[in-house]
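S.K.: Numbering (my numbering), first residue to last: 3 to 129. All residues carry an ideal CB built from backbone N, CA and C; glycine is no exception.
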């Protein structure tokens, strides 16, 4: 919905700003060929949000965990879909495409485990 559109717009602005600045960041997570600068920043932030979601989930903050997982998912989908588009025109190596899809699948699984908190009862993972 609106949150997805807002995050997508933010991703575009961050990626373009980083490209304009020529910012370089080394990537230990992806293959030797790093993503273009802006996409790398978005990718790293997505991983940060995923870690935050995991911490929140482990601490029983399921609503916060679900939100962080959702944000990470949107950001990774952005990287996967926007890398080949202008202004980046970057073709992700096959191994990185697979890795992104695996990350997305894991995020979706964790996201579905975190149920929204209810005011009348402590919410936790279902099943």
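1) Could you check which residue in 4, 5, 114, 6 has the C-alpha nearest to that of residue 68?
2) Does the segment 69 to 76 come into contact with the segment 37 to 46, if we say contact requires no fewer than three beta-carbon pairs (one atom in each stretch) closer than 8 Å?
3) Unbroken alpha helix (DSSP H) runs of length 4 or more, entirely within the segment 37 to 62: which are they?
4) Measuring only the C-alpha atoms, how far is residue 66 from residue 102?
5) Just the C-alpha distance for residue 47 and residue 62, rounded to the nearest angstrom, thanks.
6) From residue 64 to residue 117, what does the alpha carbon distance come to, in whole angstroms?
7) Mapping the DSSP letters down to three states, classify residue 80 as helix, strand or coil.
8) My understanding is that residue 52 touches residue 9, with C-beta atoms under 8 Å, so please give their C-beta distance in whole angstroms.
9) Helix, strand or coil for residue 3 per DSSP?
10) Determine the DSSP secondary structure at residue 97, reduced to helix, strand or coil.
11) Should residue 112 be labelled buried (16 or more other beta-carbon atoms within 10 Å of its own) or exposed?
12) Going straight from the alpha carbon of residue 90 to that of residue 105, what length do you get?
13) Tell me whether residue 87 sits in a helix, a strand or coil according to DSSP, three-state version.
M.R.: Reading off the structure:
1) 114
2) no
3) 39 to 60
4) 23 Å
5) 22 Å
6) 6 Å
7) helix
8) Wrong, their Cβ atoms sit about 14 Å apart, outside the cutoff.
9) coil
10) helix
11) buried
12) 22 Å
13) coil
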